[in-house]
Amino acid sequence: MAEQQGGAGGTLSSKTLTSYLQETPPAGRISTTNRFAFLDEATKMEIRRKTLKAVAIPGYQVPFGSRELPIARGWGTGGIQLTLALIGPEDIVKVIDQGCDDSVNAVNIRKFIQQVCGVEVTEKTAEATLIQTRHRVPEEPMGKDQILVLQVPIPEPLRDVEPSEQETRRMHGEADYSSIWLRLYEDIVAYNEITIGARYPVLVNRRHIMDPSPIPRWDVPLLHQSETLYLFGAGREKRIYAIPPHTEVHPLEFADHRFRVERFNQGCMLCGATDTYLDEIVEGSTAQRFYTCSDTAHCRARQEQQNKVVAP
Amino acid sequence: MTQLLAVHNLTKTFTMHTLHSRVIKGCTDVSFTLATGEVLGLSGPSGTGKSSILKCIYRAYLPSAGEIHYSSERLGRVDLGRIDDHQMIMLRQHEIGYVTQFLKVIPRVSAVDTVAEPLLHKGVSLAEARSRATSLLKQLYIPENLFDACPVTFSGGEQQRVNFAAGVISSPRLLLLDEPTASLDVKTRQAVIDILNRLKEQGTTMIAIFHEHQIMDAIADRLYQMND
Amino acid sequence: MNEPVLAIANLGKYYGPGCERCINSTGPVAATNICPHCGTVIACHGVTFSLQKGEVLGIVGESGSGKSTVIKAIHFDIEPSMGEMYLNLTIDHSRRENGLLAIVNGKRGFPVVDGKDNIFTLTPFARRQLRNVCMGIVYQNPMLGLRMNFSAGGNVAERLLMDGWDHVGEMRQRIRSLFERTEVDTKRMDEPPSSFSGGMQQRVQIARALSTEPSLLLLDEVTTGLDVSVQARVLDLLRSLTRELNLATIVVSHDLGVINLLTTRTLVMKSGRIVESGLTNQVLEDPQHPYTQLLVSSAL
């Protein structure tokens, strides 16, 4: 029994999880085996209420009681809780990590969701009703019947300039954002450009400054006036926030130093796309650099269209 | 000739709370009138309160009793002892000048700038104010190489002349003079008198205290005698 | 006379539960700020005065007089326990229509300052906007007034940013000209003020205070603790600035020499109350109140 429970911590493996789900819980512990989507109903209600509040105040971080999960903090528990609270039996789920469906964490989270919900999963963006992602927005524009759930490590955009939570809450409440503007000014003074790459601060609905999670600059313009609902979950920091459809989202910029997205000098090595966000791969032996689409599903689709051989 | 100033029963006493509320007399029951363009001399022995009268008019002292009626260009007829602080500030800037016995030295400010400052408060340009200040200092025989120096190191006579220049440069309607020639030699004293005469010709009304009787007689139209 | 730029009525700040005997048991006659019955500290009470455009008002007093409390209340650093504040200013809003920051400010509107509303009742957001645009403050301790982990230019830029400036090049030009006027070395504009001398830190504070062209300047013991020559330079700068810019200014100091140099009117405070007020040279030459007489006779 002890061996089957597996060790605390360490990487999540499906086998251990399965046995965890199958074991008989000892007396006094709440059964987790026969609930839909793992969380109890009270938890789901709380998360949904907080999500509604987040949608009502775009960009505002709503605190919530982040529950224990069989995944450690820092591995996507915020995103998972949002997904589990919103998901229904008819949903079709896609999970990506850095744009890729095949990475270890994406695979594990997808399998966990499958296990506790029994829903269909997919790798095609257009097919999914709910997409959970870490650090990227899918290349294909999403529609009004889809939800994107983003995993957030640090929800507070002002954390770099103000370590005190009490202070940042006051700053958001009073729209006192001079510190972060000052930070951008200092960047320009020192480096002649704003050096923030991921977690680029944005002004949402002309009111709150928000951290869009570590998506690259490339993805930030996708948040503005979109058809899709974007939800952000930070499990460790216990915050939920949202960008409802058709919301104004402006990256912070100056009149003489405007917001710019990343530029790539080449296209994707596999599908030739020149209009996607690319990952850089360094060939081990030759130290050559190759670029491939970060959004692997999108790349694969393009390759299929071009009738190239698809790697399994 | 209109009446510019009418002083009625002006009395000034000081209550020294630090000396068990001892009462010290400044001036007692002073009354006189002054027409526009007139020069009134205050004469009498030391300690009779001549300076107190000037200070009460300028509101450097608060009068203890009596009235000081002044016909202001901007405010009409007012009692200087009772008007608002802000009104007094305005009168000091635009209508009433006061040449004290001692120069208030401001560190780092040159002689020229000290003299030019009252004009700057009236809105004159810096260049113009400085040029008028320079010419006035020249008339008072201040050596040119001292124009840019701070008066803190000047001799008593030099400081007094800078003080005098600052007090008269804006040609106030009413000029109060408290011993402006006390530390001066014959030549510089004459320079001061020449300037005062010029101001008199321009219609400046003055009340002056002079130690030296000859000057008093030369400038003043009338004398007010202070008694013990 | 014109409407005053700033009017304070019945300002009071109390720390503690309060009782009905507080006010009568404290003050200059009782020579204490602390109520002997309930322990409440009456930092200031019944403070009433007004300030005209271009006027320099001095507030002089020793420790415990309440003079710093008054300035802090005017600058919204502390919440008053009672009292009203009225501002009457004309503000140029043209810059506030552009840029990203202006979008935020514009959504809320800018508070009206026509002397009719008690400013203390405005929201914190509105008060912050007002403070940024209409007021400038220089503290005795530069650590209070400056952010030491940003550059000197950044400290000045912060107020510009809050006011809706969105062009870095224009901002830097304005910072440069402010530094030239306040005699701060423009070559050190991008260095943190922690590396500056005390006098230069004060001058950076002055530049920061003036950056948004405020109508009201608050100086809280700005030269206390500086070397004499440095003090003279800062005071000289303040004298010429207040005259040039016709700013309404409040100078808080315990030093009568500073008061005499800078101000035209003075309030004397003791134990939280105003004991005397009048033209500066009259208060210094003909003090009426026993405490003022003591103060004047004790000054070096």
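As they're listed, the protein sequences go chains A, B and C. Per our numbering, the first sequence starts with residue 841, numbered consecutively. Per our numbering, the second sequence starts with residue 357, numbered consecutively. Per our numbering, the third sequence starts with residue 1014, numbered consecutively. Every residue, glycine too, gets a C-beta built ideally from N, C-alpha and C.
Alpha carbon to alpha carbon, how far is residue j from residue i? Give it in angstroms, no decimals.
i	j	result
L482(B)	K494(B)	18 Å
L1022(C)	E1097(C)	Sequence check: residue 1022(C) is Ala here, not Leu. Between A1022(C) and E1097(C), the C-alpha separation is close to 5 Å.
G1079(C)	L1022(A)	34 Å
G403(B)	G382(B)	8 Å
N1037(C)	L1231(C)	30 Å
Y497(B)	I563(B)	24 Å
K478(B)	D1249(C)	19 Å
A912(A)	N945(A)	12 Å
R1103(A)	G1177(C)	30 Å
G846(A)	N948(A)	Because the pLDDT of G846(A) is 42, which lies under 50, any placement of that residue in the model is unreliable, and the number read from its coordinates should be weighed accordingly. Those two C-alpha atoms are separated by around 16 Å.
R869(A)	P993(A)	With a pLDDT of only 46 at R869(A), under 50, the local geometry of the prediction cannot be trusted, and no value is derived from it.
S427(B)	V363(B)	12 Å
V895(A)	E1093(A)	25 Å
D1090(C)	G1071(C)	20 Å
R1140(C)	E429(B)	41 Å
L1019(C)	R1252(C)	20 Å
G1182(C)	D1096(A)	7 Å
A867(A)	R1076(A)	Residue placement at A867(A) is flagged as unreliable, the pLDDT there being 48, under the threshold of 50; a coordinate-derived value is accordingly withheld.
G1167(C)	G1073(A)	34 Å
E881(A)	L926(A)	11 Å
D541(B)	H567(B)	13 Å
A416(B)	L1292(C)	8 Å
Q1186(C)	Q1214(C)	20 Å
S1066(A)	Q972(A)	17 Å
E967(A)	L1174(C)	45 Å
F510(B)	L459(B)	11 Å
R1140(A)	V977(A)	16 Å
Quick one: which chain C residues come within Cβ less than 8 Å of residue i?
i	result
I1028(A)	V1181
Y417(B)	Q1295, E1298, D1299
L476(B)	R1256
Check whether the Cβ of residue i lies closer than 7 Å to any Cβ atom in chain C.
i	result
I445(B)	yes
P507(B)	no
D469(B)	no
R869(A)	The predicted model places R869(A) with a pLDDT of 46, which falls under 50 and marks its position as unreliable, so this point remains unresolved.
F1094(A)	yes
D534(B)	no
H373(B)	yes
H442(B)	yes
When we look at the beta-carbon of residue i and count the other beta-carbons within 10 Å, is it buried (16 or more) or exposed?
i	result
Q1106(A)	exposed
G850(A)	The predicted position of G850(A) is uncertain, since its pLDDT is 45 and thus under 50; no value can be drawn from it.
M1202(C)	buried
V379(B)	exposed
A1030(A)	exposed
V1060(A)	buried
C1032(C)	exposed
T1236(C)	buried
Chain A beta carbons: is any one of them nearer than 7 Å to that of residue i?
i	result
M1156(C)	no
D1203(C)	yes
G1322(C)	Residue 1322(C) cannot be examined here, being either before or after the span of chain C that is shown, 1014 to 1313.
N1015(C)	no
Quick one: which chain C residues come within Cβ less than 9 Å of residue i?
i	result
D1016(A)	P1137, F1138, R1141, M1175
Residue i touches chain A at which residues, Cβ-Cβ below 9 Å?
i	result
E1171(C)	S1018, S1019, W1021, L1022, Y1025
Are the C-beta atoms of residue i and some chain B residue less than 7 Å apart?
i	result
D1198(C)	no
Q1306(C)	yes
Q1065(C)	yes
P1303(C)	yes
D1268(C)	no
S1164(C)	no
Residues of chain A with CB closer than 7 Å to the CB of residue i, please, in chain order.
i	result
G1192(C)	Before going on, a small fix: residue 1192(C) reads as Phe here, not Gly. Here the premise fails: no neighbours, minimum Cβ distance about 14 Å.
Please list, in chain order, the chain B residues whose beta carbon lies closer than 9 Å to that of residue i.
i	result
R1278(C)	D441, H442, I445
Confirm the yes/no value for this check: CB of residue i, any heavy atom of the ligand GDP, distance under 6 Å.
i	result
M1202(C)	Inclusion of the ligand GDP in the displayed structure is not the case, the ligand content being empty and no account of it being possible.
Name, please, each residue of chain A whose Cβ falls closer than 8 Å to the Cβ of residue i.
i	result
G1167(C)	L1022, Y1025, E1026, V1029
For the segment 1080-1109 of chain A, which residues have a beta carbon sitting closer than 8 Å to at least one beta carbon of chain C? Cβ contacts with chain C come from H1090, L1092, E1093, F1094, A1095, D1096, H1097.
Members of the segment 449-467 of chain B near chain C, C-beta cut-off 8 Å: For the segment 449-467 of chain B, which is checked against every Cβ of chain C, the residues closer than 8 Å are K460, I462, P463, R464, V465.
Contact list for the segment 1228-1245 of chain C against chain B, Cβ threshold 7 Å: Within the segment 1228-1245 of chain C, the qualifying residues are A1245.
Which residues, in chain order, does the segment 1088-1101 of chain C contribute to contact with chain E at a C-beta distance below 9 Å? No chain E is present in this structure, whose protein chains are A, B and C.
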